[in-house]
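*Asks:*
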Amino acid sequence: MREGAQTLFSPLQDATSAVTRPVVGFIDALSDLASLREENEALRLENEQLKTQIDQIDSIEAELEQLMEINDLEVPNDLPTVVARITSAGSSSFDHVRYIDKGSDDGITIGAAVVDEQGLVGRVDLVLDDRARVRLILDPNVEVAVLDQSTSQAGILRGDNENDLVLRVFEADEPARAGSAIVTAGSRFPPGIRVGTITQTATDNAEFQLVTRVTPAVTFSRLDFVKVIVGYSPLDAPSIEEELAELERTEDGEETTPDGEGDNLPAADGSDEGESP
Amino acid sequence: MTGRSVAISIGLVVLAVVAQTAMFGDGRINPFGVSPAVVIVVVLACARYLDPEPSILLGFTGGMLLDLLGGSPLGLWALSYTVAVYAALRFRERADDGALVLAVGIVAFTLLVNALFLVVGTLFGERFFTSTGFIKDMVVPAFYNLVIAVVVFPLVTRLLGARRRLGWSA
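For the record, the sequence lines run as chains A and B.
In terms of the numbering used here, the first sequence has 496 at position 220, counting the first letter as 1, and numbering is strictly consecutive.
In terms of the numbering used here, the second sequence has 750 at position 139, counting the first letter as 1, and numbering is strictly consecutive.
(1) Do we get a CB-CB distance below 8 Å when we pair B:GLY681 with the residues of chain A?
(2) Jot down the residue ranges of each uninterrupted alpha helix (DSSP H) in the stretch 449-506 of chain A, minimum 4 residues, whole runs only, in chain order.
(3) Under the three-state reduction of DSSP, which class applies to B:GLY686: helix, strand or coil?
(4) Please identify the residue among A:ARG409, A:GLN282 and A:PHE370 whose C-alpha is closest to the C-alpha of A:ALA389.
(5) Name the chain B residues that come within less than 9 Å of A:THR296, Cβ to Cβ?
(6) Please report whether the beta-carbon of A:ARG464 lies at a distance below 8 Å from any beta-carbon of chain B.
(7) Quick one: list the residues of chain B neighbouring A:LEU288, beta-carbon separation under 7 Å, in chain order.
(8) In angstroms, rounded to a whole number, what distance separates the CA positions of B:ILE667 and A:VAL391?
(9) Out of A:HIS372, A:VAL420, A:ASP382 and A:VAL445, point me to the one whose CA is closest to A:ARG470's CA.
(10) Report all residues from its chain with a CB closer than 7 Å to the CB of B:VAL694; omit the five preceding and five following residues, and keep chain order.
(11) Suppose the cutoff is 7 Å on Cβ atoms and the five residues either side in sequence are ignored; what does the same chain contact list for B:GLY622 look like?
(12) Establish whether the CB of A:GLU531 and some CB of chain B are separated by less than 8 Å.
(13) Where does the unbroken alpha helix (DSSP H) through A:TYR508 begin, and where does it stop?
(14) Quick test of the definition: if touching needs 3 or more C-beta pairs under 8 Å, does the stretch 479-498 of chain A touch the stretch 396-413 of chain A?
(15) Skipping 5 residues on each side, what residues in its chain have a beta carbon closer than 8 Å to that of A:LEU412?
(16) Run down chain B in chain order and give the residues with a C-beta less than 7 Å from the C-beta of A:PRO609.
(17) Quick one: list the residues of chain B neighbouring A:ALA281, beta-carbon separation under 8 Å, in chain order.
(18) Please state the DSSP three-state secondary structure of A:ASP377.
(19) Starting from the N-terminal side, write out each stretch of the beta strand (DSSP E) that is 3 residues or longer and does not extend beyond the stretch 653-705 of chain B.
(20) Between which two residues does the beta strand (DSSP E) holding A:THR427 run?
(21) Within a Cβ cutoff of 6 Å, which residues of the same chain sit near A:GLN329, ignoring the five residues on either side of it in sequence?
(22) Identify whether A:GLU419 lies in helix, strand or coil by the three-state DSSP scheme.
(23) Are any of the Cβ atoms in chain B nearer than 8 Å to that of A:ASP371?
(24) Decide if A:THR477 is buried, meaning its Cβ has at least 16 other Cβ atoms within 10 Å, or exposed.
(25) Look up B:GLY732 in the DSSP assignment and say whether it is helix, strand or coil.
(26) Given this structure, state the Cα-to-Cα distance separating A:VAL445 from A:THR473, to the nearest angstrom.
(27) Using a Cβ-Cβ cut-off of 8 Å, state whether A:PRO356 counts as contacting chain B.
(28) Assign A:PHE285 to one of three DSSP states: helix, strand, or coil.
(29) Can you find a C-beta in chain A that's less than 8 Å from the C-beta of B:GLY644?
(30) Measure the beta-carbon distance from A:ARG489 to A:VAL442 and round it to whole angstroms, keeping in mind my assumption that it falls under 8 Å.
(31) Compare the beta carbon distance of B:VAL628 and B:LEU677 with 8 Å and say whether it is the shorter of the two.
(32) At least one CB of chain B closer than 8 Å to the CB of A:THR385: is that the case?
(33) Which residues of chain C have a Cβ atom closer than 8 Å to the Cβ of B:PHE728, listed in chain order?
(34) Hey, how far is the Cα of B:ALA648 from the Cα of B:LEU679?
(35) Leaving out five residues before and five after A:VAL351 in sequence, what residues of the same chain have Cβ atoms less than 6 Å from its Cβ?
(36) When you compare the CB positions of B:ALA658 and B:VAL696, do they come within less than 8 Å of one another, or not?
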C-alpha cells in the first residue's frame, strides 16, 4: 500500500521539490535571520576557545591517533556507497524520516546506514524499487551503539524528538566530557562514523549510567544529498542488546582474571585490553 | 453539495499532502524546527461546504495519505483526522459567527489532531513523549495554521463556496 502511494505521489513530490527548492531555501534563510546575531556571538566565543585549544592540538591529535588504534576504528571509506538525493520529508514535525531517490534497484537494503559528509544521518527502514525511506537518528525509535572517542566508553544514543540526542553511557568509570566526539561503535552501523559531539559534561552516575546530550554532526535541516552504505550488512551484526551482553561478558572475563582487580572497564568495543586513562 | 465539490476537495487535499511532504515536512520550511500542518487546514476549509459524510471521508483520506507518505504507523493520522473532522462538524455552525471564532476553531482542531496523534501513537508504542519538545511540536503548528488559513480559506470559499455556502453548518 505504501509502495503504491509512493509510486503514485513521487512524481508529484519530485516536481514540487524541484520547483520549490529555491523558495524553500530562501524562506529557510529568512527564518534563520533572527538567530544570526546569537549565532555570531556564539561563534565569536567559540573562536576564542578554539584559539586556546590550538595550543593543545598536537597532543590531542596524538591522543586521538592512539585511541583510533586502540579501538581499531576504521572510517568506512572503503565501503561501497550509493549517492542519493532527498526527495521528500516526513509529513509532520513528529516524523523524522526522509525519502531518497534510490532503492533496491541500486542495491539499497533495509538497515543500511546513511551518511553525509558530516556524519551519520540515519538508517534505511523501508525500501522500494527506486525509492527508500531513511529514519533519522533524531527519531526516538532509532538507537545507535556509540563510543566516546576521548574515553573509549560505550553507550547508546537515542533521538529525543529534539535537535539533539540523548547519550547513555553504562557503568562509566570516567565522566563524559563536553566536546568529546562520538562515533558509531559498529553494531548495526559500520564502526567509526562520526555521530556528534557531547554538549554537557556528565559526571554523576545516575542509575549506573551517565546521561548527557549530544549535538548531531549532521545539520538535518540542510540535508540534500546523502550516501547510503551498501557494503555493510547490519542484519548480520549483533543487536545492541547482544552487543551489551557481549560487553558484560568481556567485563566479567576481565574481572575473573587471576591477577585482575576488576576495577577497570575494558575498552569500549570490548575488543581490546582495558585502557588506563 | 455536488460530486464536483467532492472532487475539488479531494484534489485540494492531495495538493496539500504533496505540499506538506515536499515543502513543509520535517527539515523543509519549518521555522523554529516545527512544520505547519497544511492538510488539516484544507480539510477543515473544505468541510465547511461538504456534507458530514464526505467531510469525514475527506479527513480520513487526508490522514491516510499522510500515513502512507510519512513514517508513522499506518492509520495513526487517518484516525486522528477522522476524529478531528467529526468534532469540527459538531461545531461548524459556529464558524459563521466571525473570524475570531474561525481562528479559535483552526487552532483548537489543529491541537486536537496533533494531541490525538501523540496519545494514540504512544498507546501503539511510539516514543513521542521522550522530551518536552512534543509540546512545541503540538502547539506551534496550530498558530502557523492560522497564517496558512488566511490563504486557504478564501481560496476554498472561492472554489466551493459559490456552489454552496453553508459555513460549517450542514
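Just so it is clear, CB atoms sit at the ideal spot from N, CA and C, and this is done for glycine as well.
Since we're looking at a predicted model, the values are computed, not measured.
*Replies:* So, from the listed chains and residues:
(1) Judged by the 8 Å Cβ criterion, B:GLY681 is in contact with chain A.
(2) Runs found: none.
(3) Judged by DSSP in its simplified three-state form, B:GLY686 adopts coil rather than helix or strand.
(4) Among A:ARG409, A:GLN282 and A:PHE370, the Cα nearest to that of A:ALA389 belongs to A:ARG409.
(5) Going along chain B in sequence order, the residues near A:THR296 (Cβ under 9 Å) are ALA630, ALA633, MET634, ARG639 and ILE640.
(6) Not an interface residue.
(7) Correct list: VAL629.
(8) So the alpha carbons of these two residues sit roughly 41 Å apart.
(9) Per the Cα distances, A:VAL420.
(10) Answer for B:VAL694: LEU727, listed in chain order.
(11) Answer for B:GLY622: no residue qualifies.
(12) With a pLDDT of only 49 at A:GLU531, under 50, the local geometry of the prediction cannot be trusted, and no value is derived from it.
(13) For A:TYR508, no alpha helix (DSSP H) run applies, since DSSP gives it neither H nor E.
(14) Here the stretch 479-498 of chain A lies against the stretch 396-413 of chain A, with 3 or more beta-carbon pairs under 8 Å apart.
(15) Around A:LEU412: HIS372, VAL373, ARG374, VAL397, GLY398, VAL418, GLY435 and PHE496.
(16) Residue 609 of chain A is absent from the model: chain A starts at 277 and stops at 553.
(17) The answer, in chain order, is LEU676, LEU679 and LEU680.
(18) A:ASP377 falls in the coil class under three-state DSSP.
(19) Listed in chain order, nothing qualifies, since the stretch 653-705 of chain B has no complete beta strand (DSSP E) run of 3 or more residues.
(20) From DSSP, A:THR427 is part of no beta strand (DSSP E); its letter is neither H nor E.
(21) Answer for A:GLN329: no residue qualifies.
(22) Collapsing the DSSP output to three states places A:GLU419 in a strand.
(23) A:ASP371 belongs to the set of residues whose beta carbon lies under 8 Å from a beta carbon in chain B.
(24) Looking at its Cβ environment, which holds fewer than 16 other Cβ atoms inside 10 Å, A:THR477 is exposed.
(25) The three-state reading of DSSP puts B:GLY732 in helix, counting H, G and I together.
(26) Straight through space, the alpha carbons of A:THR473 and A:VAL445 are spaced by roughly 14 Å.
(27) Output row for A:PRO356: interface = no.
(28) In the three-state reduction of the DSSP assignment, A:PHE285 falls in the helix class, which pools H, G and I.
(29) Yes, B:GLY644 lies at the interface with chain A (some Cβ there is under 8 Å from its Cβ).
(30) The Cβ separation is near 6 Å, so the contact holds.
(31) In this structure, B:VAL628 sits near B:LEU677, with a CB-CB distance shorter than 8 Å.
(32) Taking Cβ atoms only, chain B never reaches closer than 8 Å to A:THR385, which makes this a no.
(33) Although the question refers to chain C, the structure presented lacks it and instead comprises the protein chains A and B.
(34) Approximately 16 Å between the Cα atoms of the pair.
(35) Only weak support exists for where A:VAL351 lies, its pLDDT of 44 falling under 50; the value from the coordinates is given anyway. Residues GLY468 of the same chain have their beta carbon placed closer than 6 Å to that of A:VAL351, with the five preceding and five following residues left out of the count.
(36) Yes, these two residues count as a Cβ contact at 8 Å.
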